[in-house]
Amino acid sequence: MKPKTKILIIAGSDSSGGAGIQADIKTVTALGSYAMTAITAVTSQNTTGVKSIEPISPIEISKQIEFTSKDIKPDAIKIGMLHSSEVINAVLKSLNKINVKKIILDPVMVAKGGTKLIDNRSIKILKSKLIKKVSLITPNIPEAEILTKVKIFSVDDMIRAARILIDLGSKNVLIKGGHLKSRVMQDIFLNKYEISTFKNKKIYTKNTHGTGCTLSSAIAAYYSCGKTLKKSCEMAIKYVNHSIGSGLKYGKGHGPINHLSTINIIKRFK
Ligand code: PXL
C-alpha cells in the first residue's frame, strides 16, 4: 500500500509514546498517510507525569518546516505543542513561506498531569495571529475557556465559546466535550454557516493520554485526502473512540490509547 497523502506534523516529542509527535506519527501512519515532522520540544515523561521539557530553538524549528516542505510538499499540516511566543512567531513565518492551505491547530496547553506546555504570552499570539492562519482549531473545554474567557458548563456554553473563536478569526472550530459532566460525549463543530454535534457514548477509563493529539492528526489525515472538514472531524472522533475502547493498559498513570485499532476498522471507513 502506498501512502495516500503527506502530512507535516509540528509538535513536541513525548518520550512515553502516547501523546505528542509519537501519537501523531502513529495516527497518520495508521490512517494511511505519510508523516513528516518538525519537533518543537523534547519532553521526558511517562504515564505518571512530565519530568522535563527541553525546547528546540525557533530557528531549528523553522528549518525543519521549510527545508522538509521545500522538497516534499505537505497536503496538510497538524500543529500541536508550541510552548513560547518565539516558537509561534517562527512557525507563523515558516507557514507563510510554504503556503499549505489545510492546517489543523490543536491548542495544546497542559499535559494530563497538569504540567503547563505553553506560556501566557504565547496564548496571546495564538489568539491574535495563529488562529487566523488555520483551517480548524480543536480546543477541549479547559483550553476553550482559557482562549475565550467563557466558563463552560453546558453545550450552550461550548457553542458560545466556539462563536468567540470564530470572531477571533478561526474559520472552523471543533470544541471537544469530554470534560462536561455527562454520559454522552458531545463534540461541537461550528463555522459561520453551520453547526453540528457529534454524539458518542462516553468510555470511562483513565487511559486517555494523547487523545487530543491523536484526534487532530486524524482530522488532518482525513482532510488531506479530500474529505470535508466536518466529515474529517466525524471520522477522526470515531477513530479516537475506537482506539480508547480498544483498551491498552500500559503504565501506572494515564496510559496511551491503541493507535493501531484502525487496522481493523479502516475498511469500514472507505
Ligand atoms: O496531549 C497534549 C500533549 C501534546 N504534546 C506533547 C505532550 C502532550 C501531553 O502530554 O507531551 C509533547
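Using this note's numbering, count along the sequence shown one by one with no gaps and you end on 276.
The C-beta atom is built at its ideal place from N, Cα and C for all residues, glycine as well.
Problem set entry | Assigned secondary structure, residue 163 (DSSP; H/G/I helix, E/B strand, else coil) | DSSP places residue 163 in helix when its eight states are reduced to three.
Problem set entry | Pocket of the ligand PXL defined by Cβ to heavy atom distance under 7 Å | Checking every Cβ against the heavy atoms of the ligand PXL under 7 Å gives 17, 18, 19, 20, 25, 26, 27, 47, 49, 51, 56, 86, 87, 114, 117, 118, 123, 215, 216, 218 and 219.
Exercise. How would you call residue 145, buried or exposed, if buried means at least 16 neighbouring beta carbons within 10 angstroms?
Worked result: Result: buried.
Problem set entry | Bridge-paired residues (DSSP) for residue 262 | Answer is 215, bridged to residue 262.
For this session: Would you please state the rounded distance, in angstroms, between the beta carbons of residue 177 and residue 81? I believe it to be under 8 Å.
Result: Rounded, the Cβ-Cβ distance is 18 Å, inconsistent with contact.
Problem set entry | Delimiting residues of the beta strand (DSSP E) encompassing residue 3 | Because the chain spans 7 through 276 in this model, residue 3 falls outside it and cannot be assessed.
For this session: Give the range of the alpha helix (DSSP H) segment to which residue 77 is assigned.
Result: Unbroken alpha helix (DSSP H) run through residue 77: 64 to 77.
For this session: Let me know if residue 263 comes out buried or exposed under the rule of 16 or more other beta-carbons within 10 Å of its beta-carbon.
Result: Counting Cβ neighbours within 10 Å, residue 263 comes out buried, since at least 16 surround it.
Exercise. Looking only at DSSP bridge pairs, what is residue 257 linked to?
Worked result: The partner list for residue 257 (beta bridge, DSSP) is empty, contrary to what the question assumes.
Problem set entry | Backbone CA spacing between residue 33 and residue 42 [nearest angstrom] | Straight-line Cα distance between these residues: approximately 12 Å.
Exercise. In chain order, which continuous runs of the alpha helix (DSSP H) of length 4 or greater are located wholly inside the stretch 13 to 53?
Worked result: For the stretch 13 to 53, whole alpha helix (DSSP H) runs of length 4 or above, ordered along the chain, are 26 to 36.
Exercise. If you drop the 5 nearest sequence neighbours on each side, which residues of the same chain put their C-beta closer than 8 Å to that of residue 67?
Worked result: Apart from sequence neighbours up to five positions away, the residues of its chain that approach residue 67 with a beta-carbon distance below 8 Å are 16, 44, 45, 46, 93, 96, 97 and 100, ordered along the chain.
Exercise. Between the stretch 239 to 255 and the stretch 204 to 222, are three or more C-beta pairs nearer than 8 Å?
Worked result: Touching, yes.
Problem set entry | Beta-carbon contacts of residue 260 that lie in its chain and below 6 Å, excluding the five residues immediately before and after | The residues 53, 118, 212 and 215, in chain order, have a CB closer than 6 Å to that of residue 260 in the same chain once the five nearest residues on each side in sequence are set aside.
Problem set entry | Contacting residues, own chain, Cβ-Cβ under 7 Å from residue 60 (five flanking each side not counted) | Non-local C-beta neighbours of residue 60 in its own chain, meaning closer than 7 Å and more than five positions away in sequence, comprise 47 and 48, ordered along the chain.
For this session: Measure from the alpha carbon of residue 238 to the alpha carbon of each residue in 122, 77 and 108, then state which is nearest.
Result: Ranked by Cα distance from residue 238, the options 122, 77 and 108 are led by 108.
For this session: Tell me whether the beta-carbon of residue 58 lies closer than 8 Å to the beta-carbon of residue 91.
Result: No.
Problem set entry | 8 Å Cβ cutoff met for residue 140 and residue 171 | Annotated as distal: residue 140 and residue 171, with beta-carbon spacing of 8 Å or more.
Exercise. What's the C-alpha gap between residue 75 and residue 199?
Worked result: Each residue's Cα considered, the two are about 32 Å apart.
Exercise. Do you know whose CA, among 122, 113 and 231, lies nearest residue 283's CA?
Worked result: Because residue 283 is not part of the residues shown, which for the chain are 7 to 276, the question remains open.
Problem set entry | Contacts around residue 55, its chain only, beta-carbon distance under 6 Å, and the 5 residues preceding and following it disregarded | So the qualifying residues of the chain are 119.
For this session: Identify which residue in 85, 9, 71 and 39 has its Cα closest to the Cα of residue 25.
Result: Measuring from the Cα of residue 25, the nearest candidate turns out to be 85.
Problem set entry | Spatially closest choice to residue 356 from 143, 71, 229 and 130, by CA coordinates | What is shown of the chain runs 7 to 276, which leaves residue 356 out entirely.
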